[in-house]
Each structure stands twice: as structure tokens, then as C-alpha cells.
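First residue of the sequence shown? That's 99 in this note's numbering, and the numbers climb one at a time after it.
Note sheet for the following structure.
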Amino acid sequence: MNPATALATVLVDELARCGVTDVVLAPGSRSAPLALAVHADSRIRLHVRVDERSASFLAVGLARRSERPVVLICTSGTAAANFHPAVIEAHESGVPLLVLTADRPPELRDTGASQTVDQIKLYGTAVRWFSEVGAPEERPGQVAYWRSLACRAYQRALGPYDPGPVHLNVAFREPLIPDGDLSWCESLESDAPGPWIRARVGSPSVALHLPPTRRGVLVVGDGATNVRRYVAAAGMAGWPVLSEPNGGARYGDHAMSTYHFLLGTPEFADRHRPDVVVTLGRPGLSRPLLNWLSQADEHIVVAADMTRWPDPTRSATQAAQVVEIPIPAGDDTWLHSWRRAETAARTAIDDVLDRAGLSEPRLARDLVDALPNGSLLFSGSSMPIRDLDQAMRSRRGLRILANRGAAGIDGVVSTAMGAALAHNGPSYALMGDLTFLHDQNGLVLSPREPRPDLCLVVVNNDGGGIFSLLPQATLRDPFERIFGTTHGVDLGYLAAATGTPYTFVNEPGQLVKALRGEGLRIVEVRTERESNAMLHGMMRDAAHAAVREVMS
99 MNPATALATV LVDELARCGV TDVVLAPGSR SAPLALAVHA DSRIRLHVRV DERSASFLAV
159 GLARRSERPV VLICTSGTAA ANFHPAVIEA HESGVPLLVL TADRPPELRD TGASQTVDQI
219 KLYGTAVRWF SEVGAPEERP GQVAYWRSLA CRAYQRALGP YDPGPVHLNV AFREPLIPDG
279 DLSWCESLES DAPGPWIRAR VGSPSVALHL PPTRRGVLVV GDGATNVRRY VAAAGMAGWP
339 VLSEPNGGAR YGDHAMSTYH FLLGTPEFAD RHRPDVVVTL GRPGLSRPLL NWLSQADEHI
399 VVAADMTRWP DPTRSATQAA QVVEIPIPAG DDTWLHSWRR AETAARTAID DVLDRAGLSE
459 PRLARDLVDA LPNGSLLFSG SSMPIRDLDQ AMRSRRGLRI LANRGAAGID GVVSTAMGAA
519 LAHNGPSYAL MGDLTFLHDQ NGLVLSPREP RPDLCLVVVN NDGGGIFSLL PQATLRDPFE
579 RIFGTTHGVD LGYLAAATGT PYTFVNEPGQ LVKALRGEGL RIVEVRTERE SNAMLHGMMR
639 DAAHAAVREV MS
């Protein structure tokens, strides 16, 4: 057996023993040994994408939803560089990826050889661990090295306290395909029923016990863990819960779906300064929330990894792996005050949206209301996730995800596909037109590839709608070209080019029917940027007025 085939066979076998079930491949020549080994392994579901960027974000989606490492493979050269944005997203959001980049052997580097670039530590500090595997040789001890390396890489990607991407750079010499000879200097098999090395992870340290208080608040952002436990504890303590849509805690009587508007009302924010705020995950959608957090007297951040806890406002006073929220004595005056303001703001916002016809915030609200229990909703990171944050009502039975690690618009179609393929139930995605166009290659699927049950809801306002809500919108002369970026693309034709079923919606009542169906499909909703900016102002003004009235 040639060394390239031997290394690939052992590496793929050991990763499958560790628990890998999904591998995403961007085809190429130098990665042929890995591709053939994966294709031959019945334990692994293989996904092939011709665009490396789409492939890498597909892997991010699979790993994000399944919460276990997914292997990502490419050939040498710029193919590996195209993985970089997805590696950054996985690094920032703690998604377990195993990136295997095939490479030319050392003797071809720095010689001008085709498709040969410097891949050593290509992703810099955006990976949890890097290893230059080395060109395989037929000599005793290689199998133990390869298997132990695979176990180390899998466990480092998994975490569990700091999951993220791991990069193995695998150099192969020719021949790259099996030569028909099965002999090797030592057995390539493993007698162990499971992985070569079984990693045992201890329990976290002793919990931080908080003083009893009714005047506490639980804030939940992206990437939060153990959410249900903390929501239950906050409920017993009489604390309001301020959760971003993708935080997973916007449900129940304590959830404040309008917290963005409540804390944007100065009178309310000033009167509702808590004794303590406990934060899970990374909040970052609402500027009023971040401003309010920056003024907290006691702000405790819960983070599994004590080397990199999130604190964008630099207001954390303590960081802990586990926090115990006690049940205090006293009445529910604090919670009732939040609830009264929430009810008033919710009524005001819904009234504005119902009277305005089809709009981006109303689409976000109505989409969440329409989805069946057990659904997955993947959101784009620009306006859609903010529309969800400001307009969606509290509800159970829905999983909401988004690429909020680096919060870019790239790779959203592919990430949503990956998440849908890992989800056991119907899946949906909400994104803007520029986000959709940025990853339109994600729609390119071979007939032999696993296909998700995923409805892509695309808000088409012919450009970058979020900029109409920013100070750039006042620069009338250059705005449209360098911020608004009108594109004029007919999404129906794009859907037809890839054979993707397509539906157009221009009335609120058409949404529920348009969402029906199975498989990959597109629903386009047309909106207008300037009127959308005005509507957001109307929502804000109505909510603030309602909150002030109930406070008086």
C-alpha cells in the first residue's frame, strides 16, 4: 500500500471511531487519498461542494446544529485559503470543526510548484490547535502516531469547555490513489472497539453562589449553554429574562420580548437598575441593552472557558463557569414592573406592524409565529436577526441559530443548509438579498448529494437595508452606490438556474401558504428600504410612548 493511502485510511477510520459522522469535501487532486477513504467508509455521510467557501460554511452549519466535530477537506493551494472565513466564524462562535488541508510534500514548497502555497499555520490564531502531520512513510510507529493525532484533534475541537476549529495540514506524495497492494509494515487496524485514546473530561469547578435578590436580570446571547437550567432558576428567583432570538431563552412568562425598546426608554432604564445581571453567551444585537449593561453595578458573566469569557461592554465584575441563583424572599414588584412595560410595548409594536402591511419586521414576527413546533430557523446576521430581536414574540418549540461569531453575511445559505441537514425536523432560513447573493453557490447541489428540508425566505429590498438605519444614510450623494448597493438581480431567474422551487410573496396573508412544502425551496419577499427605515422609527416611538404611559 502506498503511504498516502495508508495515512488517509487510518486517519478517516480513527475519526469515525471518535464519533465523526459528517464530512464535507471540496474536490481536488492532492486530497484524493482522503476523499477516497471517506467515500469508502459507510459510517460517514459525505457532502461534496464545488465551492470551498460554500463547503466550509456547510460544515459550520452541520457542526453548529449537531454540536459535534465535522470534518472539512480540501486540496492544496488557494482552496485552503477559501476556508478562512468559515474558520474565523467557527473560532469566534465556538463551533467544532476539523479542517484537513491536503498539501504538497516539503520538497515541493518554495519551488514554484503548481498549487503550492505556505499552509503552515495558515489560519493563525483562529484555530484551537494546529499540527503539520508530515508526509507519511512506511515505517513502524506511524499508525500509532496517526491514530493518537486523530484522537487529539477530535477532542480539542470538541472542547468541551472551549470547542472550535482544529487544523491538520496533511502532506501527500504521489501516488495519490490505491495501487492494489494491501501490504504494510505494521497492522493498519485497531483492536480497540472505540477510539485509540478515550478522553475523560472532569466536571467544572465549584459554582459561584449569588446573594439572594429579587432585583436581578438574566441576559442571554448567542452561544449560551445550559440555558434551560438558568431560565428555570431565574423564574424561581423572580428575575426577568432578556434573550436574543438565538440565545434560546425567549419563552415563558419571564421573557421580555421587547427589552430593546424597554431599555431604549431612558426613564425605564434608569428606574430598573438591577442588583445583579447574569449574562450567558455573547449579547451583541441591541445597543440599548449594551449601554444598560455597561452601567451595571454587578455583572456576572457565565463562561465555560475561563480563558476567553465574552465581555464586549467591559462591565463584567466577575466571571464564573457555573453560577447558582438562589430563591429569595420578597414580593414580585420588580418582575411585575417589567411585565407591565413589556405588555404595553408589545401591544404598541404589534399595532404598528399590523397597520403597516407587509414589512421586514412584520415578516420576522409572522414567520416565527407560523413555524411548527420542532422547527429550526437560521437567520442572516444583518437586518433579519435584528428584526427578529425587535419584533418576534416569545414562544417555545423553535430553535433559532445564526452566524454571530464574526457576524458576517458570508456563507449563510450554506450554513443554513448544514444546520438543516443536522436537524431532525423542518428547517427555515431568513436572510436579506445581499446575504443570499453572497452565497448563491450554496444552491449548487449534485443530484447525488444529501438535500435538506429547508425553506429559504429572502427579503429583497434591492440592496443593503441595514445601512438605511445608520448615519451613512444621511450622505445622500454617495449613499446608494457605496452603501445601498442596488443590484437589480431577479431572484426568480437565479432559482430557476439551479432548479430550486420558487415562490413570490407581496402580501402578509400569503406567507403561511408560501412556507408549505418540502425540500429545498425559496420564498422571496419584496420590501422597500426607505419605508422600512421609517417603520423602525415608528416602532421605536410607539413603544417608548407606551412604556412612558404605563410608568406614569
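For every residue, glycine included, the Cβ atom is placed at its ideal position computed from N, Cα and C.
| query | So, Val375 versus Ala347, is the Cβ gap smaller than 7 Å? | reply | Numbered from its first residue, the sequence shown carries residue 375 at position 277. Numbered from its first residue, the sequence shown carries residue 347 at position 249. In this structure, Ala347 does not lie closer than 7 Å to Val375 by Cβ.
| task | Along the alpha helix (DSSP H) that carries Gly495, what are the first and last residues, could you check? | result | Counted from its first residue, the sequence shown places residue 495 at position 397. Run containing Gly495: none; DSSP gives neither H nor E here.
| Residues bridged to Ala418 (per DSSP) | By one-based count along the sequence shown, residue 418 stands at place 320. According to DSSP, Ala418 bridges with Val400.
| request: In the DSSP assignment, find the beta strand (DSSP E) that holds Gly314 and state where it starts and stops. | output: Your numbering for residue 314 matches position 216 in the sequence shown. Note, Gly314: beta strand (DSSP E), 314-318.
| field | Whole runs of the beta strand (DSSP E) within the region 539-572, excluding any shorter than 3 residues | value | Qualifying beta strand (DSSP E) stretches, in chain order: 552-558.
| field | Per-residue burial, Val82 [other beta carbons within 10 Å of its own, 16 or more giving buried] | value | Given that the chain is displayed from residue 99 to residue 650, the structure contains no residue 82 and the question cannot be resolved.
| query | Counting Cβ pairs closer than 8 Å, one from the region 513-531 and one from the region 553-565, do we hit at least three? | reply | Because the criterion of three Cβ pairs below 8 Å is met, the region 513-531 and the region 553-565 touch.
| task | With Glu365 as the anchor, note down where its alpha helix (DSSP H) starts and where it stops. | result | If you number the sequence shown from 1, residue 365 lands on position 267. Element bounds for Glu365: 364-369.
| query | The beta strand (DSSP E) spanning Ala527 covers which residue range? | reply | For the purposes of this step, residue 527 is taken as residue 429 along the sequence shown, with counting starting at 1. Following the DSSP letters along the chain, one finds Ala527 inside the beta strand (DSSP E) bounded by residues 525-530.
| message | At 4 residues or longer, what runs of the alpha helix (DSSP H) sit wholly inside the region 444-481? | response | Those alpha helix (DSSP H) runs which fall completely within the region 444-481 and span 4+ residues are 458-468.
| request: Would you kindly check if the distance between the Cβ of Glu396 and the Cβ of Thr415 is under 7 Å? | output: Counting from 1 along the sequence shown, the entry for residue 415 is found at position 317. Counting from 1 along the sequence shown, the entry for residue 396 is found at position 298. The beta carbons of Thr415 and Glu396 sit closer together than 7 Å.
| field | Whole-Å CB distance - Gly503 paired with Ser191, under 8 Å assumed | value | For the purposes of this step, residue 503 is identified with residue 405 of the sequence shown, where counting begins at 1. For the purposes of this step, residue 191 is identified with residue 93 of the sequence shown, where counting begins at 1. Yes, Gly503 and Ser191 are in contact; Cβ-Cβ is about 3 Å, under 8 Å.
| What three-state label does DSSP hand His670 in the structure shown? | This structure does not reach residue 670, given that the chain is present from 99 up to 650, and the question cannot be answered.
| Do you know how far the Cα of Ala200 is from the Cα of Arg254? | Taking the sequence shown and counting its residues from 1, the one referred to as residue 254 is at position 156. Taking the sequence shown and counting its residues from 1, the one referred to as residue 200 is at position 102. Straight through space, the alpha carbons of Ala200 and Arg254 are spaced by roughly 20 Å.
| said: Given a cut-off of 7 Å on the beta-carbon distance, is the pair Ser512 and Phe155 in contact? | reply: Your numbering for residue 512 matches position 414 in the sequence shown. Your numbering for residue 155 matches position 57 in the sequence shown. The beta carbons of Ser512 and Phe155 sit closer together than 7 Å.
| By how many angstroms is the C-alpha of Thr533 removed from the C-alpha of Val510? | On the sequence shown, position 412 is the one that residue 510 refers to. On the sequence shown, position 435 is the one that residue 533 refers to. One Cα belongs to Val510, the other to Thr533, and the distance between them is close to 7 Å.
| field | Cut-off 6 Å between Cβ atoms - residues of its own chain near Leu123, not counting five sequence neighbours on either side | value | Numbered from its first residue, the sequence shown carries residue 123 at position 25. Cβ neighbours of Leu123 beyond the five flanking positions: Ala133, Val146, Ile171.
| field | Proximity to Leu340 [Cα-Cα], best of Val169, Val317, Ala188 | value | For the purposes of this step, residue 340 is taken as residue 242 along the sequence shown, with counting starting at 1. Among Val169, Val317, Ala188, the Cα nearest to that of Leu340 is on Val317.
| Comparing alpha-carbon positions, which option in His358, Val193, Glu150 lies nearest Asp260? | As a working note, residue 260 is residue 162 in the sequence shown. When only C-alpha atoms are compared, the closest one is Val193.
| message | Which of the three DSSP states is assigned to Ala640 in this structure? | response | Here residue 640 refers to the residue found at position 542 of the sequence shown. Ala640 falls in the helix class under three-state DSSP.
| task | Per DSSP, which residues does Asn267 bridge with? Please list them. | result | Locating residue 267 in the sequence shown gives position 169, counting from the first residue. Answer is Thr199, Glu230, bridged to Asn267.
| Residue range of the beta strand (DSSP E) that Thr377 falls in? | In the sequence shown, the residue the question calls residue 377 occupies position 279. Its beta strand (DSSP E) spans residues 374-378.
| field | Contact belief for Leu486 with Ala520 at Cβ below 8 Å, rounded distance in angstroms | value | In the sequence shown, the residue the question calls residue 486 occupies position 388. In the sequence shown, the residue the question calls residue 520 occupies position 422. Not quite, the Cβ-Cβ distance comes to about 21 Å (not below 8 Å), so this is no contact.
| field | Inter-residue spacing [alpha-carbon to alpha-carbon] between Ala233 and Ala106 | value | The count along the sequence shown starts at 1 and reaches residue 233 at position 135. The count along the sequence shown starts at 1 and reaches residue 106 at position 8. Straight-line Cα distance between these residues: approximately 11 Å.
| query | Taking the Cβ atom as the reference point for each residue, do Gly126 and Ala178 lie within a distance shorter than 7 Å? | reply | Against the sequence shown, residue 126 aligns to sequence position 28. Against the sequence shown, residue 178 aligns to sequence position 80. No, they are not a contact pair.
| Arg369 burial status per 10 Å Cβ neighbour count (16 or more: buried) | Stepping through the sequence shown from its first residue, residue 369 is reached at position 271. Per the 10 Å Cβ criterion, exposed.
| request: Write down the C-beta distance between Arg166 and Leu256 rounded to the nearest angstrom, noting that I regard them as a contact closer than 8 Å. | output: Along the sequence shown, one-based indexing puts residue 166 at 68. Along the sequence shown, one-based indexing puts residue 256 at 158. About 7 Å separates the two Cβ atoms, so the contact holds.
| query | How far does the beta strand (DSSP E) with Phe602 in it reach, from first residue to last? | reply | Numbered from its first residue, the sequence shown carries residue 602 at position 504. Under the DSSP assignment, Phe602 falls in the beta strand (DSSP E) whose first and last residues are 600-603.
| message | Given a cut-off of 7 Å on the beta-carbon distance, is the pair Val399 and Asp409 in contact? | response | On the sequence shown, position 301 is the one that residue 399 refers to. On the sequence shown, position 311 is the one that residue 409 refers to. Closer than 7 Å, so yes.
| request: Give the DSSP-derived three-state secondary structure of Ser413 in the structure shown. | output: For this step, residue 413 is matched to residue 315 along the sequence shown. DSSP places Ser413 in coil when its eight states are reduced to three.
| Taking buried to mean at least 16 other C-beta atoms within 10 Å of its own C-beta, is Leu613 buried or exposed? | For this step, residue 613 is matched to residue 515 along the sequence shown. Around the beta carbon of Leu613, 16 or more other beta carbons lie within 10 angstroms, which makes this residue buried.
| query | Comparing alpha-carbon positions, which option in Ala211, Pro203, Arg207, Asp531 lies nearest Val231? | reply | Position 133 of the sequence shown, counted from the first residue, corresponds to residue 231. Of the candidates Ala211, Pro203, Arg207, Asp531, the one whose C-alpha sits nearest the C-alpha of Val231 is Pro203.
| Inter-residue spacing [alpha-carbon to alpha-carbon] between Leu196 and Ala184 | For this step, residue 196 is matched to residue 98 along the sequence shown. For this step, residue 184 is matched to residue 86 along the sequence shown. If you draw a straight line from the Cα of Leu196 to the Cα of Ala184, it comes to about 12 Å.
| Between which two residues does the alpha helix (DSSP H) carrying Val510 extend? | Your numbering for residue 510 matches position 412 in the sequence shown. Segment 510-520, the alpha helix (DSSP H) holding Val510.
| Per-residue burial, Leu568 [other beta carbons within 10 Å of its own, 16 or more giving buried] | The residue given as residue 568 occupies position 470 in the sequence shown. Counting the other Cβ atoms within 10 Å of the Cβ of Leu568 gives fewer than 16, which makes it exposed.
| Leu592 and Arg549: beta carbons closer than 7 Å? | To locate residue 592, count along the sequence shown from 1; it is residue 494. To locate residue 549, count along the sequence shown from 1; it is residue 451. Between Leu592 and Arg549, the C-beta gap is not smaller than 7 Å, which leaves the two residues out of contact.
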